[in-house]
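Taking it in order: structure first as structure tokens, then the write-up.
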Amino acid sequence: MRAIRIREPGGPEVLELVERDDPVAGAGEVRVRVRCAGINRADLLQRMGRYPAPADAPADIPGLEFAGEIEAVGAGVTGWSAGDRAMGILGGGGYAERVTVPAGQLLPVPPTLNWTEAGAIPEVFLTAADALIERGRLRPGECVLVHTAGGGVGTAALQLARAAGAGSIIATASAAKLDRIREAGLPHNLAVDRRAGSFADEVASHTDRAGADVILDTVGAPYWEANIASLATLGRLVIVGVMGGMKVEANLRTLMGKRATVVGTVLRARSKAEKATLTEMFATRFLPGFTAPEGDPSHLRPVIDRVFPLADAAEAHRYVESNQSFGKVLLNTDA
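Here it is in structure tokens:
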């Protein structure tokens, strides 16, 4: 099979197309002929040598999500057969024509979606669902603040917040991406330009100083103080990324006074059982939204920017690093 290998830690130029042996599905696993693979920030960090793959994933082939057809089913797997259309998450190895994956990490591809649309779903929608529902404990009627709302996780989170019954949704992003959020019709009640002063002031005004009940943050250190200021009493700050930095100085008295919760979370390093539990929750609660009619509050759709041929993975990484992308960037293994 063809795959993209990280030759050595470095820039996009270290990604190279190679031939590898087809993987073999073990007990509890399936082998999938990948049609489309999503690109995530974690892949860029792995390429730079800053986010090594877990022990059960290929060390030099990035890729955390895929969509494709099941080719083979390992011992003990039930509910899946060769020829089924599936999408799912991986610890790594997704930039390839074939992958093996634990059956518990698979989702059926809704019949109305093509391969590109399916490939844009697993990692970002599961990450956003975990952050908002499992870690953030979002309840109907609450206010949600979503940072970097024009990214893959952000565009998923805006939709999932609506599907979960959020009372108000606040989105922060660059002015250009806020325009695209509006053009795409993604749900939000307030859009805040991240470069136009502190978002905390906007949140305070919008909520009559009550604050946001759940904040989904992918930026980290630069947003820490404004995030804490923006939290409602009993609010939950869920940190799923630290693109801007990892170290902060915290005023614990403020957290104590608000009785707030700060949760850090990652998806990639979790056990197979944890990933299976999250996948099952998403399948039950949110997967039907991809076939719900537009206009229905439960309606969900992947937001796709560009699709590159597998061999152009380096160019795809350059594009993601430029911060111009809106929603998902993907690799087509058939091109």
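Quick note on this note's numbering: the sequence shown kicks off at 702 and runs consecutively. Built from N, CA and C at the ideal position, the CB exists for glycine as well.
Between the region 814-831 and the region 897-908, do three or more beta carbon pairs fall short of 8 Å?
-> Cβ pair count under 8 Å is below three, so no.
Does the region 732-739 touch the region 812-826, meaning 3 or more C-beta pairs lie closer than 8 Å?
-> Contact between the region 812-826 and the region 732-739 is present, because at least three Cβ pairs lie under 8 Å.
Just checking, does the region 800-808 make contact with the region 838-858 on the three C-beta pairs under 8 Å criterion?
-> No, they do not touch.
Drop a sphere of 10 angstroms on the beta-carbon of Met788, count the other beta-carbons inside from all chains shown, and report buried for 16 or more, exposed for fewer.
-> Along the sequence shown, read from residue 1 onward, the residue named residue 788 stands at position 87. Buried, because 16 or more other Cβ atoms sit within 10 Å of the Cβ of Met788.
Between Val1008 and Val802, what straight-line distance do the alpha-carbon atoms span, to the nearest angstrom?
-> Position 307 of the sequence shown, counting from 1, holds the residue named residue 1008. Position 101 of the sequence shown, counting from 1, holds the residue named residue 802. Using only the alpha carbons, I get a separation of about 23 Å.
In terms of alpha-carbon separation, which member of Ala1012, Pro998, Val941 and Phe987 lies closest to Arg742?
-> Position 41 of the sequence shown, counted from the first residue, corresponds to residue 742. Taking only the C-alpha atoms, the option nearest Arg742 is Val941.
Give the single residue among Leu1031, Arg986, Pro989 and Val715 whose Cα lies nearest to the Cα of Gly1006.
-> Within the sequence shown, the letter at position 305 stands for residue 1006. The question names Gly, yet the displayed sequence has Asp at residue 1006. For the residues Leu1031, Arg986, Pro989 and Val715, the minimum Cα distance to Asp1006 belongs to Leu1031.
DSSP three-state call for Asn1033: helix, strand or coil?
-> Taking the sequence shown and counting its residues from 1, one reaches residue 1033 at position 332. Asn1033 falls in the strand class under three-state DSSP.
Which residues in the same chain have their Cβ closer than 6 Å to the Cβ of Leu968, if we skip the five residues on either side of it in sequence?
-> By one-based count along the sequence shown, residue 968 stands at place 267. Result list for Leu968: Thr828, in chain order.
Grouping DSSP H, G and I as helix and E and B as strand, with all else coil, what is Ala783?
-> Looking up residue 783 in the sequence shown gives position 82. Here Ala783 sits in coil by DSSP.
From Arg836, Ile705, Glu730 and Lys948, pick the residue whose C-alpha is nearest to that of Glu926; which is it?
-> Position 225 of the sequence shown, counting from 1, holds the residue named residue 926. For Glu926, the nearest C-alpha among the options comes from Lys948.
Gly729 and Glu766 look like a contact to me (Cβ under 8 Å); what is the Cβ gap, rounded to whole Å?
-> Taking the sequence shown and counting its residues from 1, the one referred to as residue 729 is at position 28. Taking the sequence shown and counting its residues from 1, the one referred to as residue 766 is at position 65. No, Gly729 and Glu766 are not in contact; Cβ-Cβ is about 19 Å, not under 8 Å.
With a CB to CB cut of under 6 Å and the five nearest residues on each side skipped, what residues in its chain are close to Gly777?
-> Position 76 of the sequence shown, counted from the start, is the residue given in the question as residue 777. When the five nearest sequence neighbours on each side are left out, the beta carbons in the same chain lying within less than 6 Å of the beta carbon of Gly777 are those of Ala728 and Gly729, in order along the chain.
Beta-carbon contacts of Asp722 that lie in its chain and below 8 Å, excluding the five residues immediately before and after | For the purposes of this step, residue 722 is taken as the residue at position 21 of the sequence shown. Within the same chain, Met702 come within 8 Å of Asp722 by CB-CB distance, once the 5 residues on both sides are set aside.
Leu988 (DSSP reduced to helix, strand or coil) = Looking up residue 988 in the sequence shown gives position 287. Residue state, collapsed to three classes: helix.
Does the beta-carbon distance from Leu938 to Asn952 come in below 7 Å?
-> Here residue 938 refers to the residue found at position 237 of the sequence shown. Here residue 952 refers to the residue found at position 251 of the sequence shown. Contact: no.
Determine the burial state of Thr985: buried for a count of at least 16 other Cβ atoms within 10 Å of its Cβ, exposed for fewer.
-> Looking up residue 985 in the sequence shown gives position 284. Answer is exposed; the Cβ neighbour count stays below 16.
Rounded separation between Gly866 and Asp880 - CA only | Position 165 of the sequence shown, counting from 1, holds the residue named residue 866. Position 179 of the sequence shown, counting from 1, holds the residue named residue 880. Between Gly866 and Asp880, the C-alpha separation is close to 24 Å.
What is the rounded straight-line gap between the Cα of Ala768 and the Cα of Ile822?
-> Within the sequence shown, numbered from 1, the residue matching residue 768 stands at position 67. Within the sequence shown, numbered from 1, the residue matching residue 822 stands at position 121. C-alpha separation (whole angstroms): 9 Å.
Between Tyr924 and chain B, is there a C-beta pair that is closer than 7 Å?
-> Protein chains in the displayed structure number just one, and chain B is not present.
Taking the alpha-carbon positions, what's the Val642 to Ser1023 distance?
-> Past the edges of the chain, shown from 702 to 1036, lies residue 642, and the structure says nothing about it.
Buried or exposed: where does Pro724 fall if 16 or more other Cβ atoms within 10 Å of its Cβ makes it buried?
-> Taking the sequence shown and counting its residues from 1, the one referred to as residue 724 is at position 23. Buried, since its Cβ has 16 or more Cβ neighbours within 10 Å.
Exposed unless 16 or more other CB atoms sit within 10 angstroms - verdict on Gly921 = For the purposes of this step, residue 921 is identified with residue 220 of the sequence shown, where counting begins at 1. Buried, since its Cβ has 16 or more Cβ neighbours within 10 Å.
Closest by CA to Val825, which one among Pro811, Ala857 and Arg840?
-> Position 124 of the sequence shown, counted from the first residue, corresponds to residue 825. Of the candidates Pro811, Ala857 and Arg840, the one whose C-alpha sits nearest the C-alpha of Val825 is Ala857.
Contact check, Ala864 vs Gly990, beta carbons under 7 Å | Translated into the one-based positions of the sequence shown, residue 864 becomes position 163. Translated into the one-based positions of the sequence shown, residue 990 becomes position 289. Taking 7 Å as the Cβ cut-off, Ala864 and Gly990 qualify as a contacting pair.
Going by CA-CA distance only, name the one from Asp997, Val800, Glu717 and Leu745 that's closest to Pro759.
-> Position 58 of the sequence shown, counting from 1, holds the residue named residue 759. Comparing Cα positions, the closest option is Val800.
For Leu859 versus Leu887, is the C-beta distance shorter than 7 Å?
-> Mapped onto the sequence shown, residue 859 falls at position 158. Mapped onto the sequence shown, residue 887 falls at position 186. Result yes, Cβ atoms of Leu859 and Leu887 sit closer than 7 Å.
Rounded to whole angstroms, how far is the Cβ of Ala1017 from the Cβ of Ile740, which I believe are closer than 8 Å?
-> Here the question's residue 1017 lines up with position 316 in the sequence shown. Here the question's residue 740 lines up with position 39 in the sequence shown. Beta-carbon to beta-carbon, Ala1017 and Ile740 are separated by about 6 Å, close enough to satisfy the 8 Å threshold.
Determine the closest residue to Thr955 out of Gln747, Gly793 and Ala933, with distance taken between C-alpha atoms.
-> One-based indexing of the sequence shown puts residue 955 at position 254. Closest by alpha carbon: Ala933.
Cβ neighbours of Val893 in the same chain (closer than 6 Å, five flanking residues each side left out) | Taking the sequence shown and counting its residues from 1, one reaches residue 893 at position 192. So the list reads Thr873, Phe900 and Glu903, once near-sequence residues are dropped.
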